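Residue numbers (numbering that gives the first Met the number 0): 0 to 432.
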Amino acid sequence: MKKREQFTGRLAVVLAMAGSAIGLGNIWRFPYLVGQNGGAAFILVYIVACALLAIPVFLSECVIGRRSGSSTFGAMRKLAPGSNYRWAGLVTVITPVLLLSFYSVVGGWSVDYLLKACTLRFTQDSAGVFEELLSSTWEPIFMHTAFMVGTAIVILLGVKKGIERFTKVTMPLLFILIIIIVVFGLTLPGAGKGVEYLVKPDFTKITPSVITSAMGQAFFSMSLGVGTILTYASYVSKEENLMVSAGGTAVFDLLFAVLAGFAVMPAVFVAGIQPGQGPGLLFDTHPYIFSQMSPWVGAVISILFFLSVLVAALTSSISLLEVGVAYLVEEKGVSRTKATIGLGALVWAIGVACSLRGGVFDFLDHLCSDWLMPFGGLLFAMFVGWKMSKADVRDELTNGGTRNRILFNVVYFLIRYIAPIGILGIFLTILLG
């Protein structure tokens, strides 16, 4: 039997998991949700949601993944043979396929904008660039195709040669790029209003819908409930401290989300664009800013910015595709090459439908973000908190009782009670809203 691949160390684990978590959810989705939900008040709720819901679910996935050493479906079957949880594991195989289908369309937009930046498009009048892209039939499909091909290539190379090598290079690069963009954005005339919007909370803006949106974003941002973290955790050695890895990933994710907010929101106010504009906020705002600079400065900054967007998109798309590939390889005996090409083709086909029909895009976004991802997170938390033995969970989170012994009881309480109640609250708020 072929030995299962593993990450080579803690740095590789944290960077790979951070790569899964840090993506378009941070650099594209987080800023426009901040704009739609009251700025700093939303950020505060988001931080609480990460602490009370996201991190416990993250650790639940880590426990299941490493304990089983299997893909999502196999993990449930191995740890709870004969129980209905093994069928629930299929939800976390299907969800990444649906999520990546519309996610890859946005990834295609980032490819398109990077190419436009390289051809100095944004040193000219940038008005209507996004509308022009969306009104085209073939350009978004072609870019979506290119993005999926790039994702598949990394998956074909495997865990060490593909995922680990890619994230070790791209994650430090991504942070360097976003910091450059933030520093530049803060020097723009009028950027102070954007900074104030991000740091001065108006607590009257906190409504049930804002809380629900923040909770949903915490799941989307950290790639929870879809099996990506579980799958990556199955490649983690038994010596690795899961709590440290989870904490490192959560800190990276939150830091990058805040940096993305500072990279986008000051520019929004400088450009005179409404913060609550929606999904096109990122793609409408920065081309305008770049067109106002001197040609060569605008060219360099625009290339760096959209390169960072593309890198962020790829790190998450790779983890999403890996979930289904791991399932096909380990459960169905399909070769990695055939699994990657076949599943990639399916995702590509659904993505074409998302590109051609905006209603399909919006439906899948709503279905995955508001329902399937929290539902998957609920399954993982309930499985660890109520199905697995406490002794097994303690063994994983304390490395056999050698680490985190005091912290374990707090984390276990959050997994067993707080996370499930909070996720049920999300569903209740959506139903009543």
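Glycine is no exception: its CB is placed at the ideal position from the N, C-alpha and C atoms. In this text, all values refer to a predicted model and were calculated from it rather than measured experimentally.
For the alpha helix (DSSP H) that Met264 lies in, which residues bound it at each end? 241-270
Excluding the 5 residues preceding and the 5 following Thr71 in the sequence, name in chain order all residues of the same chain whose CB lies nearer than 7 Å to its CB. Gly88, Thr91, Val92, Gly226, Leu229, Thr230, Val322, Tyr326
Close Cβ partners of Asn240 (< 8 Å) along its chain, the five nearest in sequence each way excluded: Arg9, Asn398, Arg402, Asn403
Candidates Ser222, Ser103, Tyr84, Ala311: which alpha carbon is nearest Ala344's? Ser103
By alpha-carbon positions, which one of Pro419, Lys204, Thr136, Glu238 ends up nearest to Phe379? Pro419
Can you check the region 277-312 for any beta strand (DSSP E) of at least 3 residues that lies completely inside it and give the ranges in chain order? none
Suppose you measure from the CA of Met0 to the CA of Glu395; what does that come to, to the nearest Å? Any reading at Met0 must be qualified, since the residue scores a pLDDT of 40, below 50, and its modelled position is unreliable; the value itself is stated next. If I take the Cα positions, the gap works out to 25 Å.
Is it true that the CB of Leu371 sits closer than 9 Å to the CB of Leu97? yes
Terminal residues of the alpha helix (DSSP H) in which Leu431 lies: 418-431
Give me the Cα-Cα distance between Gly297 and Ala116, rounded to the nearest whole angstrom. 9 Å
Select from Gly38, Gln35, Val33, Ile54 the residue whose C-alpha is nearest the C-alpha of Leu413. Ile54
One question on the structure: do Pro265 and Ala190 come within less than 9 Å of each other, judged by their Cβ atoms? yes
Which of helix, strand or coil DSSP assigns to Lys331: coil
Tell me the residue span of the alpha helix (DSSP H) that contains Ile178. 164-185
Which word fits Thr211, buried or exposed, when buried means at least 16 other C-beta atoms lie within 10 angstroms of its C-beta? buried
Just the C-alpha distance for Asp391 and Lys160, rounded to the nearest angstrom, thanks. 32 Å
Output the boundary residues of the alpha helix (DSSP H) element that contains Ser220. 207-220
Classify Val182 as buried or exposed, calling it buried when 16 or more other Cβ atoms lie within 10 Å of its own Cβ. exposed
Does the count of Cβ pairs from the region 262-281 and the region 31-49 closer than 8 Å reach three? yes
Same chain only: Cβ atoms within 6 Å of Glu330, ignoring 5 sequence neighbours per side: Phe72, Gly73
Under the three-state reduction of DSSP, which class applies to Asn25: helix, strand or coil? helix
Can you tell me the Cβ-Cβ gap for Phe129 and Gly279, rounded? I've got them flagged as a contact below 8 Å. 5 Å
Put Ser69 into one of helix, strand or coil per three-state DSSP. coil
How about the region 40-57 and the region 283-298: do they share at least three Cβ pairs that are nearer than 8 Å? no
CB Ser290 to CB Leu99, shorter than 9 Å? no
Quick check: Leu52 and Met242, are their CB atoms within less than 9 Å of each other? no
Got a sec, what are the start and stop residues for the alpha helix (DSSP H) Thr227 sits in? 227-232
Please state whether DSSP places Ala79 in a helix, a strand or coil. coil
Which runs of the beta strand (DSSP E), 3 residues or longer, sit entirely within the region 351-416? none
Within the same chain, show all residues whose beta-carbon is closer than 8 Å to that of Val198, passing over the 5 residues directly before and after it, in chain order. Ala39
Reference Leu173, options Ser388, Val308, Ser67, closest by Cα: Val308
State buried or exposed for Glu60, treating a residue as buried only when at least 16 other CB atoms are found within 10 Å of its CB. buried
Hey, Ala312 and Phe41: beta-carbon distance below 9 Å or not? no
Going by beta-carbon coordinates alone, are Arg65 and Leu78 separated by less than 9 Å? no
Neighbour-count burial assignment, Leu423, 16 or more Cβ in a 10 Å radius: exposed
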